[in-house]
Amino acid sequence: MGGGVFSVLRGGVLVLSFVLIAVGRVPWLRMNRTGFAFVGATLVVVTGLLPLEEALSAIDMRTIVLLLSMMIVSSNLTYAGFFDLVADWVILRGKSPLRLLALLMMCTAILSAFFVNDTVCVVITPFVLLLTERYGLPAVPYLIGLAVSANIGSAMTLVGNPQNMYIGAVSGIPFGRFFLRMVGPSLLSLAFAYGVVVLVYRKEFREVRWESPQGHVKRLRIYRPLLYKCYASMALLVILLMVGTSIVYAAMVAASVLLITRRIHPEKIFTQVDFSILTFFGGLFVLTKGVEATGILAALRGVETLLSLKGWVLAPLAAVLSNLVSNVPAVMLLSPMVERMSSETGWLVLSLASTYAGNLTLLGSVANLIVAERARSAGVLLTFMEYLKVGIPVTVVSLSVGTAWLFIR
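With the UniProt record's numbering, the residue at position 205 of the sequence shown is 205, and numbering never jumps.
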């Protein structure tokens, strides 16, 4: 009987942990998803579901190192003023409100593919807010365009978002092959998303009295020596990936090159590294291993068989689960099943579905929340229902078209 009680307790720990991670916060506790994941992982060990050694070995250091390395690269680019430079370039070439939206979404998608979508939203959102206020543009369409294009663009590569980095580390899919298979559906989805934003906000765009910016929207502070060093580091990263080097190895080398410096205090770089995400991943690895230890995944053989016979089932399954528990936990929970599928297409569909699912609601991805919170602090309200007008059609169509593309080609 005691064993039954402990089994219920252990199962309750896992269920409660994933529920709290999905909810994100509890009113009477000052905790976030990272805190819930870490405490949940600790309870997995305390309740005896996993020995400490097995829990620690469950943490995939390849994923952690890849995340850390790309954060270091992005931090250096931010400090050098690279993202400010790109944002200013977009603004100065926006000859009309619709062209400005197109350039914003295109550049956001490209940047998100290589420098992590969350980082891109952090640095680009203030430019969008400043521009829309100064030139009398409706802020909401540009903010939504920024968010959805960041999510879509991040699906193109193995370094575009945290869940893709995890997939890249555990699947072994070469960077180039992943990009070539994902770029098509991503570009189609981006074009459709642009059309939806224009259609939904056609009245707002018609009412705009546009005057093209004649100078810089804000004074740029570019640290050129570091900027050129970043270019060299990124070129080295691309070369290493092109010759077939492991994505983790290539990212480590690129980050290490940037950390070798005589001028920049390391604190300035590491203060922009989001160590809470690394902790979040560590906790999720242990929780996922705990789910495996309970035998729940082994009991889902029917789902695995269905996935192997009808792989397209994976897309809606991943999309729904991503909106229930967030995309990273969803990918980790589904990855043991995908590993047993015979084709790498399963990994691609998992990546696409979990990423595109983030466009469904305002709460669907961290990138969305970053845009909404930054806008709110500037007095611009991006509501859940307002976002939904664009999120639903973009997600449904991009998910359908993208999944079909991956299985047909």
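All C-beta atoms, glycine included, are put in the ideal place defined by N, C-alpha and C.
Cα-Cα separation, residue i to residue j
i: S75; j: S7; result: 44 Å
i: L348; j: M341; result: 12 Å
i: V15; j: L360; result: 24 Å
i: L317; j: T403; result: 12 Å
i: A235; j: L333; result: 34 Å
i: M1; j: L9; result: Its pLDDT being 45, under 50, M1 is placed unreliably in this model, and the coordinates cannot settle the point.
i: D60; j: R224; result: 36 Å
i: R409; j: F192; result: 20 Å
i: G364; j: G391; result: 10 Å
i: T288; j: N32; result: 18 Å
i: I91; j: L100; result: 7 Å
i: V313; j: E339; result: 15 Å
i: M252; j: G136; result: 44 Å
i: L324; j: N368; result: 16 Å
i: R177; j: S354; result: 19 Å
i: R202; j: W28; result: 43 Å
i: V13; j: S377; result: 36 Å
i: F179; j: V243; result: 15 Å
i: G283; j: T63; result: 13 Å
i: L309; j: V198; result: A caution first: L309 carries a pLDDT of 46, below 50, which makes its placement in the model unreliable, though a value can still be read off. Using only the alpha carbons, I get a separation of about 39 Å.
i: V397; j: I144; result: 17 Å
i: R221; j: G81; result: 6 Å
i: L352; j: L56; result: 29 Å
Within-8 Å CB hit, residue i to chain B
i: V325; result: The structure shown has no chain B; it contains just one protein chain.
Residue j beta carbon less than 8 Å from that of residue i
i: M165; j: L77; result: no
i: V286; j: A58; result: yes
i: A250; j: L240; result: yes
i: A254; j: S112; result: no
i: V73; j: S256; result: no
i: T345; j: L399; result: no
i: V116; j: G160; result: yes
i: F38; j: L20; result: no
Residue from the options whose Cα sits closest to the Cα of residue i
i: V170; options: V273, V396, L350, L240; result: L350
i: G168; options: L130, I247, S326; result: I247
i: A330; options: A378, F281, L143, V397; result: F281
i: M156; options: A147, L187, F127; result: L187
i: N327; options: R10, G12, L241, G24; result: G24
i: P138; options: G11, S189, I392, P97; result: P97
i: S189; options: L382, G12, A357, L56; result: A357
i: V196; options: V325, R177, P141, F83; result: P141
i: Y79; options: P266, V325, A250; result: P266
i: L362; options: T132, V243, F384, A375; result: F384
i: T119; options: L381, Y387, R374; result: R374
i: residue 424; options: G48, A147, S398, E292; result: With the chain covering only 1 through 409, there is no way to say anything about residue 424.
i: D88; options: L399, T125, R209; result: T125
i: M105; options: L237, N151, A37, A372; result: N151
i: V238; options: F175, P185, V19; result: F175
Host alpha helix (DSSP H) of residue i (start-end)
i: S354; result: 345 to 356
i: Q163; result: 162 to 171
i: W405; result: 384 to 408
i: T108; result: 97 to 115
i: D88; result: 82 to 92
i: E211; result: Looking at the DSSP string, E211 is not in any alpha helix (DSSP H), and its letter there is neither H nor E.
i: L317; result: 314 to 325
i: S365; result: That residue, S365, is in no alpha helix (DSSP H); it is neither H nor E in DSSP.
i: S189; result: 175 to 200
i: L137; result: First-last for L137: undefined, no H or E at that position.
i: P266; result: 266 to 270
i: V248; result: 247 to 259
i: T288; result: 275 to 294
i: M234; result: 224 to 242
i: A55; result: 52 to 57
Residues that residue i bridges to, as DSSP identifies them
i: L29; result: V26
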